[in-house]
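K.L.:
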Amino acid sequence: MKKQVAEGFGVEGLRWIMGKNGQIWNDLQNGVGLLLWMMPDGPITMSKSERMVDLKPNHVAKMQDKQNERDHRELRIDKVGVRGLRFPIQIRDKAHVLQNTVATIGMYVDLPKEFKGTHMSRFIEVLNAHGNVVHVENITEILHAMQKKLHADTAHLEMEFPFFLTKKAPVSGMEGLMDYTARFDATASGKEIDFVLTVMAAVTTLCPCSKAISQYSAHNQRGTVTVKIRSKQAIWIEDLIALVESCASSELYSLLKRQDEKAVTERAYENPVFVEDLVRNVALKLNAHQDVTWYKVEAENYESIHNHNAYACIEKG
Ligand SMILES: Nc1nc2c(ncn2[C@@H]2O[C@H](COP(=O)(O)OP(=O)(O)OP(=O)(O)O)[C@@H](O)[C@H]2O)c(=O)[nH]1
782 MKKQVAEGFG VEGLRWIMGK NGQIWNDLQN GVGLLLWMMP DGPITMSKSE
832 RMVDLKPNHV AKMQDKQNER DHRELRIDKV GVRGLRFPIQ IRDKAHVLQN
882 TVATIGMYVD LPKEFKGTHM SRFIEVLNAH GNVVHVENIT EILHAMQKKL
932 HADTAHLEME FPFFLTKKAP VSGMEGLMDY TARFDATASG KEIDFVLTVM
982 AAVTTLCPCS KAISQYSAHN QRGTVTVKIR SKQAIWIEDL IALVESCASS
1032 ELYSLLKRQD EKAVTERAYE NPVFVEDLVR NVALKLNAHQ DVTWYKVEAE
1082 NYESIHNHNA YACIEKG
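Residue numbers for the sequence shown, in my numbering: 782 to 1098.
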């Protein structure tokens, strides 16, 4: 890149370097190039003496830029950015090819110790550059765009969203839409991408101890299983949900008629599981999966005989 040096107009003592695409760089004394702002509309004109004579817009040029100030505390920040941003997304879905949903998004980069603040607006600019909908296929591209636009070594993108499956009731076959929560945690470190898929599925668990000792019935409850995985190849969200549900006393449905209710009640009674059984059952299936390289399985049962929950976790080391 051919650099032209000129003095900033209206800002004393700073030197500016013209970059490609009209970017203006602040030539800091420590040699770190820091993108100050983009000039999307309108030319930047340079006189023959290489002085900047038209640094528009004026109101921006004169405003103080606190984020760009130097920080002296010698502390690098691991992750800084925006979170809680809701945005339409499209994810791949076996039944419909694409499923439209809304994600709650977090976007972060690292911040070197020299800088006071990051440029929060640029995270949204990166997202907007991909249109009004984020496609799951664009995740890597978004991470690299964040690294570039924010001059960061690492970039993180987290997206948590409701995922819907049409399920048939076990006896009547009536269809209902069941909601789950899924999540992507993607990180770019240099060119390396790390991707963690999380699925949260609610299930029925029936207590084996209660069944063994009680003359009638057994206490049962709704539990939530949270599974995080890393894998060699992409794994369908639906397949991970099915794996989890097959490990519980029974799965849940949004629509059940009387004959279905009888079936799920009896199914749970025939398959009692402790919270420990649940995480072990899921872990065994993940151990046997050829593409899964790492996992963390957590289960939490919202006990119906206590006012507290039962919890278990297994993480593959
Ligand atoms: N870094 C930082 N910015 C914050 C925070 N809270 C609010 N902001 C605001 O985020 C807004 C956008 O900041 P920047 O992205 O640096 O905006 P800008 O300087 O117009 O954009 P660039 O020219 O791309 O740097 C500013 O109004 C900041 O004050 C915070 O905790 N940290």
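Every residue, glycine too, gets a C-beta built ideally from N, C-alpha and C. Values in this document were obtained by computation on a predicted structure and should not be read as measured data.
Just list the beta strand (DSSP E) runs in the region 974-1025, keeping only unbroken ones of 3 residues or longer that don't cross its boundaries, in chain order.
P.N.:
Segments of the beta strand (DSSP E) lying fully in the region 974-1025: 1001-1012.
K.L.:
For the alpha helix (DSSP H) containing N909, list its first residue and its last residue.
P.N.:
Taken as a continuous stretch (DSSP letters only), the alpha helix (DSSP H) holding N909 covers 901-909.
K.L.:
Do V890 and L931 have their CB atoms nearer than 7 Å?
P.N.:
Yes. Within cutoff.
K.L.:
Is G865 near ligand 1, with its Cβ less than 6 Å from a heavy atom?
P.N.:
No - ligand 1 has no heavy atom lying nearer than 6 Å to the Cβ of G865.
K.L.:
Residues in its own chain within less than 7 Å of N1112 by CB, not counting five upstream and five downstream?
P.N.:
In this structure the chain extends from 782 to 1098, so residue 1112 is not present and cannot be described.
K.L.:
Do the CB positions of C1094 and V1063 come within less than 7 Å of each other?
P.N.:
No, these two residues do not count as a Cβ contact at 7 Å.
K.L.:
From the DSSP output, in three-state form, read off E922 for me.
P.N.:
E922 falls in the helix class under three-state DSSP.
K.L.:
Are the region 920-938 and the region 889-906 in contact at 8 Å, needing three or more beta carbon pairs?
P.N.:
Touching, per the Cβ criterion.
K.L.:
Considering only the alpha carbon of each residue, which of S1012, G957, E855 lies closest to D975?
P.N.:
Checked all of S1012, G957, E855; the closest Cα to D975 is S1012.
K.L.:
Does the region 936-943 come close enough to the region 1016-1036 to have 3 or more Cβ pairs within less than 8 Å?
P.N.:
The answer is no - the region 1016-1036 does not touch the region 936-943, with fewer than three Cβ pairs under 8 Å.
K.L.:
Once DSSP output is grouped into helix, strand and coil, what is the label at V1078?
P.N.:
V1078: strand per DSSP, three-state reduction.
K.L.:
State the Cα-Cα distance for the pair N849 and I872, rounded to the nearest angstrom.
P.N.:
Distance between the alpha carbons of N849 and I872: 37 Å.
K.L.:
What does the Cβ neighbour count give for C990, buried or exposed, with the cut at 16 atoms within 10 Å?
P.N.:
Its Cβ having fewer than 16 others within 10 Å, C990 is exposed.
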